[in-house]
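In the numbering used here, the protein residues as written are 0 to 445.
By construction, the Cβ of each residue, glycine as well, lies at the ideal position given by its N, Cα and C atoms.
Computed from a predicted structure; not experimentally measured.
Worksheet: the structure to be examined is printed underneath.
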């Protein structure tokens, strides 16, 4: 649905794209592939997508925010269809669109639906509304089709962009996904819809409406520039204070890769410095990010730091892979109930940028290829202070060339009042839920 007040923006973008489109169609093309052919004879279309079906068993702690609606073990389901289309107009220009639909049902959904009606102040009652996913984005491309107390059905466009490839780089305009940073579990330099550290499926990030430009130079490497216009959640108008402008330079210094990043992000200044290289056969990566706090009374800013190392080897004729990562969150606190009262913390959690309430984390992952078609994994996300964390065992079986079966669990550990063991929710008598869950996921790609 188009929102009021953005027609002039759309006209400007359309005019800009049209100029570049005409310029690049007239530009010189590959003399072998395009000799004696009109541009329309080289148009190609590539269609694909996937179907995912997930079923799970979920536990609910007594004393948690689920207590008012019952804590019996629940069964949950999720179905997801994603359709992708890439229209290649020439050697230098293509258009890409991704449509997806979701159907969610089960006991967890029903409990959260009931909490929303009877106890909306509890975190469990603040059910994420899919229709609000694009509340801040330039274009509202998400719609809830049907919502009842038993299920919810919604669909959206997650990619909708135009790509132009001049000789010096790339220009991409529209809804797209951009990933920056060197973090493998936590990734503080990735400002735009980063994956949660506990995500075990990472093939598609959520897309954002933005303009991205990439420059390639022999002297200075690669430079990326982004503009992400957003709307004020209260007024619905495009607002610079809610938007982002960011740039990142990537270059080599000897055998090291260096990233330097700067951004104005939600009216705050962000600087980042990253590096990557090798120690023998092991790869290391690190990022240091400094962010200002626009409305904090006692602090002017905070640091985030991540460093990891990963390595592949063979043991007992099995291929192995492992990584270990340290993450420091300068905005973290030792009292997690107090952390949930901190508007700076909760704002970043609400924007999907922050996934930790504590300060220091040591995490890791190991993968074993038992068979070329069967891999097992074990991930641990660990808060050093408590200690508390999540243990995530899972396995993936390649059933056919285009389908696989994944099954696993999320097991929380830690004593009461720890981050992952369950702590008191502010202004209530209830705790966060720390009960385990297990799932089976079938995916078919086409």
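Range of the contiguous alpha helix (DSSP H) that encloses residue i
| i | result |
| --- | --- |
| residue 107 | 106-117 |
| residue 342 | 342-349 |
| residue 338 | 335-338 |
Residue i classed as buried or exposed, judged by whether at least 16 other C-beta atoms fall within 10 angstroms
| i | result |
| --- | --- |
| residue 74 | exposed |
| residue 314 | exposed |
| residue 158 | buried |
| residue 371 | exposed |
| residue 72 | exposed |
| residue 311 | exposed |
| residue 260 | buried |
| residue 246 | exposed |
| residue 385 | buried |
| residue 463 | Lying outside 0 to 445, the shown extent of the chain, residue 463 is not represented and no answer is given. |
| residue 131 | exposed |
Distance between beta carbons of residue j and residue i, contact taken as under 8 Å
| i | j | result |
| --- | --- | --- |
| residue 423 | residue 430 | 6 Å |
| residue 135 | residue 442 | Not quite, the Cβ-Cβ distance comes to about 30 Å (not below 8 Å), so this is no contact. |
| residue 317 | residue 368 | 6 Å |
| residue 225 | residue 211 | 5 Å |
| residue 382 | residue 438 | At roughly 23 Å, the Cβ-Cβ gap does not stay under 8 Å, so residue 382 and residue 438 are not in contact. |
| residue 94 | residue 86 | 4 Å |
| residue 335 | residue 401 | Actually they are not in contact, since the Cβ atoms of residue 335 and residue 401 sit about 43 Å apart, beyond 8 Å. |
| residue 144 | residue 88 | With a Cβ gap of about 32 Å, residue 144 and residue 88 do not count as contacting. |
Contact set for residue i: own chain, Cβ-Cβ below 6 Å, skip 5 residues either direction
| i | result |
| --- | --- |
| residue 326 | 185, 305 and 360 |
| residue 228 | 137, 237 and 242 |
| residue 373 | 396 |
| residue 77 | 53 and 103 |
| residue 180 | 186, 188, 189 and 286 |
| residue 113 | 68 |
| residue 332 | 338 |
| residue 44 | 86 |
| residue 3 | Interpretation of residue 3 is limited by its pLDDT of 44, a score under 50 that renders its predicted location unreliable; no figure is taken from the coordinates. |
| residue 477 | With the chain covering only 0 through 445, there is no way to say anything about residue 477. |
| residue 256 | 275 |
| residue 26 | Any reading at residue 26 needs caution, since the residue's pLDDT is 47, under 50, leaving its predicted position unreliable; the model's value is listed next. Taken in chain order, the list of residues that qualify is empty. |
7 Å Cβ shell around residue i - same chain, five flanking residues per side excluded
| i | result |
| --- | --- |
| residue 201 | 194 |
| residue 107 | 57, 73 and 75 |
| residue 329 | 301, 302 and 303 |
Limits of the unbroken beta strand (DSSP E) element including residue i
| i | result |
| --- | --- |
| residue 70 | It is not in any beta strand (DSSP E) - residue 70 carries neither H nor E in the DSSP assignment. |
| residue 42 | It is not in any beta strand (DSSP E) - residue 42 carries neither H nor E in the DSSP assignment. |
| residue 285 | 281-291 |
| residue 159 | 150-163 |
| residue 439 | 436-444 |
| residue 142 | 141-146 |
| residue 252 | 243-252 |
| residue 209 | 207-216 |
| residue 392 | 387-399 |
| residue 313 | 300-314 |
| residue 317 | 317-328 |
| residue 402 | 402-412 |
| residue 267 | 267-278 |
| residue 375 | 373-382 |
| residue 223 | 220-227 |
| residue 258 | 255-264 |
Cβ-based neighbour list, residue i, same chain, cut-off 8 Å, excluding 5 preceding and 5 following
| i | result |
| --- | --- |
| residue 148 | 109, 112 and 113 |
| residue 199 | 376, 378, 391, 393, 405 and 407 |
| residue 319 | 311, 312, 313, 365, 366, 367 and 368 |
| residue 203 | 81, 97, 157 and 176 |
Contact between the region 165-173 and the region 341-354: three or more CB pairs below 8 Å?
no
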